[in-house]
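> Protein chains in written order, with my numbering: chain A, 1 to 267; chain B, 1001 to 1308. Got a structure for you, written out below as structure tokens; questions coming shortly.
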Amino acid sequence: MQAPSRIPTAPVGAAGSYVARFVPPLLDPEQQTPALVSGPNGKAAVKRFNVYRNNVTVSLIEALAATFPATERITGETFFRAMARFHVRETPPTSPLLFEYGRDFPDFIARYEYGQSMPWLADVARIERAWLDAYHAADRPALTPDALAAVPPNRLGDAVFEAHPATRIVRSDYPAVTIFAVNRASGPVDRIETLAPESALITRPELEVAVRNLTPGADILLVRLLSGVPLATAATEAASQYPSLDLAAVIATALEAGAFSAIHYGG
Amino acid sequence: MSTSTGYGGRFALVSQRLPKHGIVGLAGTSFKHQHLPAILADDAPGGFFEVHAENYMGAGGAPHAALARIREDFPVSLHGVCMSIGGPQPLDQTHLARFKDLIERYEPALVSEHLAWSTHETTFYNDLLPLPYTEATAARVADHIDEVQETIGRRLLLENPSTYVTFRESTMNETAFIRELVRRTGCGLLLDVNNVFVSATNQGYSALDYLGDFPLKHVGEIHLAGHAEQQDDEGELLLIDSHNGPVADAVWKLYELVIARTGPIPTLIEWDSAIPDWPVLKREATAAQRILDRHAQVTSREKFRASA
């Protein structure tokens, strides 16, 4: 078995060099049609090769549009496709699973020159990326709200929650959850009045992905709990920044959302 | 020249977990999740459903729930799109393992992949890209098919591509190349009749000649799909394998000629973009089923006469 060629300009005739000579123009419009292909009977192959260029670029733009529909709705289709085309050319996928593509897209949006007037846009895209991760996450029963009642009160502080495979939190300095929600829904988008930072709790206890807007401070508590910190420690940290935080209400919300899959206590 | 008996004999599929649904003589369609309620509510939804393997390579969630539901009531065909069998580099072992896992999980009636490549080094191009037809590429592709068949423990159906260009370095035509792959690996074939029509138009050869030279006895599945029309640099017709509309009349005619010669072969209507409502897709499958049924009767009548 021959190792894959690592040199883009492999010598002509080397087994497998057709691939190395075929790919450079696929994502680079400056490069010419490779000389190794033609139409039948020596006909030109410019438009013929462009079918492949078009298939590659357009299908990847469409993959991003499918993953980031709210982002596209906010920017409009023309803006989104131009932005996505830059990203596709700069960072094409490295996995044949297209639902894994677009992990770098939110960071790209954050530094995209023409997107600077929409500083919340990258966070909306982060929520959409997390939504798709939750959609494909492993199936596991979620911890039910009554599970907490089974913990002896004197062991509650030691309780460690196990994150459900679908659970994600996205924190934003902008009202990204509200913007996400109105742009993923089919109805009209009214003017958004809030300016407050928001954090999204994304869960999928069964088949439907749910996105909740967390109260300020709840994100701190849940991020710590989801990383395996015992309840008492996480609560102390959150309460030190948000003294009025209703800890019981946050836990109840997270349980109701199906954010956890198990609870451990007593070492 | 020796002929392989294929993988059906060498690897017995051991399954008893999921219901067995026969696929012989049936027409089916691509499975789209938005059709699931309509399919389940349909009194006579018909034959079988085909899915792209990669769409079910996530860990869990709605895709698996939908496919598991369909698999209860129908035969399923698993169609791989991204194995990059036609490329020079070694197969992606992670991807191959995922493919094997899916086959074990869903016990599909048919398993297929493409004569094409889509990955170079670590970049995935998300298209079915073409390869030159030479002794060297035949040897490499045959090794890849062997590796897939050994891993999954069953016969793979290899699909003929739609092509838009030809390679100057090719030394054999596509049918000779495909016959060579069958001879070396014992793989089966997925004959995409629309691809034959698209490639023949684009490459300036006769679709009938192509089919006459195609090893039809190894075909385990047929694909039918719609195509779009563009123009090449000389302003001549260039067909695009777009899967976004009904099957063209010319493709139906070629299909009927094939079935008249082979007898019924499981036949799939592919429709992957601008997806219509379920009744429209089902109507295409019903048209294919009518042709299959017509030739099933003819075939059995001829057999009866021959044995009388």
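From the three backbone atoms N, C-alpha and C, an ideal C-beta is built for every residue, glycine too.
Three or more beta-carbon pairs under 8 Å between the region 1064-1075 of chain B and the region 1122-1130 of chain B, yes or no?
Contact fails: fewer than three Cβ-Cβ distances are below 8 Å.
> Using a Cβ-Cβ distance under 8 Å, would residue 1240(B) count as near chain A?
As a working mapping, residue 1240(B) is identified with position 240 in the second sequence. Yes, its Cβ sits closer than 8 Å to a Cβ of chain A.
> Would you be able to state if there are at least three C-beta pairs under 8 Å between the region 234-241 of chain A and the region 212-225 of chain A?
Result yes; three or more Cβ-Cβ pairs closer than 8 Å.
> Between residue 99(A) and residue 1058(B), how many whole angstroms is the CB-CB distance? I'm expecting something under 8 Å.
Position 99 of the first sequence, counted from the first residue, corresponds to residue 99(A). Position 58 of the second sequence, counted from the first residue, corresponds to residue 1058(B). The pair is a contact, with the Cβ atoms about 6 Å apart (cut-off 8 Å).
> So, does the region 1089-1105 of chain B touch the region 1048-1057 of chain B, judging by three or more C-beta pairs under 8 Å?
Yes, the region 1089-1105 of chain B is in contact with the region 1048-1057 of chain B.
> For residue 1131(B), go through chain A and note every residue whose CB falls closer than 7 Å to its CB, in chain order.
What you label residue 1131(B) is simply residue 131 of the second sequence in a count that begins at 1. Ordered by position in chain A, the residues that pass the 7 Å Cβ test against residue 1131(B) are 18.
> For the beta strand (DSSP E) containing residue 214(A), name the first residue and the last one.
The sequence position of residue 214(A) within the first sequence is 214, counting from 1. Element bounds for residue 214(A): 210-214.
> Quick check: what's the CA-CA separation for residue 1148(B) versus residue 186(A)?
Locating residue 1148(B) in the second sequence gives position 148, counting from the first residue. Locating residue 186(A) in the first sequence gives position 186, counting from the first residue. Going by the C-alpha atoms only, they are around 44 Å apart.
> Pull the bridge partners of residue 168(A) from the DSSP assignment, please.
Residue numbering aside, residue 168(A) sits at position 168 when the first sequence is read from its first letter. Residue 168(A) pairs with 202(A).
> One question on the structure: do residue 36(A) and residue 1168(B) come within less than 8 Å of each other, judged by their Cβ atoms?
Mapped onto the first sequence, residue 36(A) falls at position 36. Mapped onto the second sequence, residue 1168(B) falls at position 168. Their beta carbons are under 8 Å apart, which means residue 36(A) touches residue 1168(B) by this criterion.
> Give me the Cα-Cα distance between residue 1309(B) and residue 1225(B), rounded to the nearest whole angstrom.
The structure shown does not extend to residue 1309(B), since chain B is modelled only from 1001 to 1308, so the question has no answer here.
> From this set, 1131(B), 1193(B), 1202(B), 1236(B), which residue's C-alpha is nearest residue 1269(B)'s C-alpha?
In the second sequence, the residue the question calls residue 1269(B) occupies position 269. Cα-wise, what sits closest to residue 1269(B) is 1193(B).
> With 8 Å as the C-beta to C-beta threshold (strictly closer), list the residues of the region 1141-1157 of chain B near chain A in chain order.
Listed in sequence order: 1143.
> By the 8 Å beta-carbon criterion, what residues does the region 49-60 of chain A contribute toward chain B?
Within the region 49-60 of chain A, the residues whose Cβ lies closer than 8 Å to some Cβ of chain B are 49, 51, 52, 55, 56, 59, 60, listed in chain order.
> Looking at the C-beta of residue 1058(B), does it have a partner C-beta in chain A at a distance below 8 Å?
Taking the first residue of the second sequence as position 1, residue 1058(B) is located at position 58. Yes - at least one Cβ of chain A is within 8 Å of the one on residue 1058(B).
> Give the straight-line distance between the Cα atoms of residue 150(A) and residue 164(A), rounded to the nearest whole angstrom.
In the first sequence, counting from the first residue as 1, residue 150(A) sits at position 150. In the first sequence, counting from the first residue as 1, residue 164(A) sits at position 164. About 19 Å.
> Return the residues of the region 131-143 of chain A that lie within a Cβ-Cβ distance of less than 7 Å from chain B, sorted by chain order.
The residues in question are 135, 136, 137, 138, 139.
> Could you tell me whether the Cβ of residue 7(A) comes closer than 8 Å to any Cβ of chain B?
Within the first sequence, the letter at position 7 stands for residue 7(A). Bear in mind that the predicted position of residue 7(A) carries a pLDDT of just 37, short of 50, making it too unreliable to give a figure here.
> Note down, in chain order, each residue of its chain lying with its Cβ closer than 6 Å to the Cβ of residue 1199(B), except the 5 sequence neighbours on either side.
The sequence position of residue 1199(B) within the second sequence is 199, counting from 1. Excluding positions up to five away in sequence, the list reads 1162, 1163.
> Relative to the C-alpha of residue 159(A), which candidate in 253(A), 229(A), 175(A) has its C-alpha closest?
Position 159 of the first sequence holds residue 159(A). Nearest option by C-alpha distance: 229(A).
> Against chain A, which members of the region 1220-1239 of chain B pass a CB distance test of less than 9 Å?
The region 1220-1239 of chain B vs chain A, Cβ under 9 Å: 1230, 1231, 1232, 1233, 1234, 1236, 1238.
> Does the CB of residue 207(A) have a neighbour CB from chain B at under 8 Å?
Indexing the first sequence from 1 puts residue 207(A) at position 207. Yes, because at least one Cβ of chain B sits closer than 8 Å to the Cβ of residue 207(A).
> Return helix, strand or coil for residue 1019(B), following the three-state DSSP convention.
As a first step, residue 1019(B) must be located in the second sequence, where it is residue number 19. Reduced to three states, the DSSP call for residue 1019(B) is coil.
> Run through DSSP, which three-state label would residue 38(A) get?
Here residue 38(A) corresponds to residue number 38 of the first sequence, with the count starting at 1. DSSP places residue 38(A) in strand when its eight states are reduced to three.
> Please state the DSSP three-state secondary structure of residue 1219(B).
Here residue 1219(B) is taken as the residue at index 219 of the second sequence, counted from 1. Here residue 1219(B) sits in strand by DSSP.
> If you draw a straight line from the C-alpha of residue 66(A) to the C-alpha of residue 78(A), how long is it?
The residue given as residue 66(A) occupies position 66 in the first sequence. The residue given as residue 78(A) occupies position 78 in the first sequence. Each residue's Cα considered, the two are about 15 Å apart.
> Straight-line CA distance for residue 249(A) to residue 256(A)?
Here residue 249(A) refers to the residue found at position 249 of the first sequence. Here residue 256(A) refers to the residue found at position 256 of the first sequence. Using only the alpha carbons, I get a separation of about 10 Å.
> Going along chain A, which residues have a C-beta under 7 Å from residue 1167(B)?
Here residue 1167(B) corresponds to residue number 167 of the second sequence, with the count starting at 1. Residues of chain A passing the Cβ test: 18, 36, 37.
> Run down chain B in chain order and give the residues with a C-beta less than 8 Å from the C-beta of residue 94(A).
Locating residue 94(A) in the first sequence gives position 94, counting from the first residue. What residue 94(A) touches in chain B: 1122, 1123, 1124.
> Give the DSSP-derived three-state secondary structure of residue 1114(B) in the structure shown.
Taking the second sequence and counting its residues from 1, the one referred to as residue 1114(B) is at position 114. It is a strand residue.
> Does the CB of residue 1054(B) have a neighbour CB from chain A at under 8 Å?
For the purposes of this step, residue 1054(B) is taken as the residue at position 54 of the second sequence. Residue 1054(B) counts as touching chain A.
> Looking at the secondary structure, which residues open and close the alpha helix (DSSP H) in which residue 1194(B) lies?
Sequence index remark: in the second sequence, residue 1194(B) carries index 194 (1-based). 1193-1203 is the extent of the alpha helix (DSSP H) around residue 1194(B).
> Measure the alpha-carbon distance for residue 1178(B) versus residue 1251(B) and round it to whole angstroms.
In the second sequence, counting from the first residue as 1, residue 1178(B) sits at position 178. In the second sequence, counting from the first residue as 1, residue 1251(B) sits at position 251. Rounded to the nearest angstrom, the two C-alpha atoms are 21 Å apart.
> Counting along the chain, where does the alpha helix (DSSP H) carrying residue 79(A) start and finish?
Here residue 79(A) is taken as the residue at index 79 of the first sequence, counted from 1. Element bounds for residue 79(A): 77-90.
> Mind reading off the beta-carbon distance from residue 1023(B) to residue 1048(B)? Whole number of angstroms is fine, and I expect it under 8 Å.
Walking along the second sequence from the start, residue 1023(B) turns up at place 23. Walking along the second sequence from the start, residue 1048(B) turns up at place 48. Confirmed, Cβ separation roughly 5 Å.
> Is there contact between the region 81-92 of chain A and the region 48-62 of chain A, where contact requires at least three CB pairs shorter than 8 Å?
Short answer: they touch.
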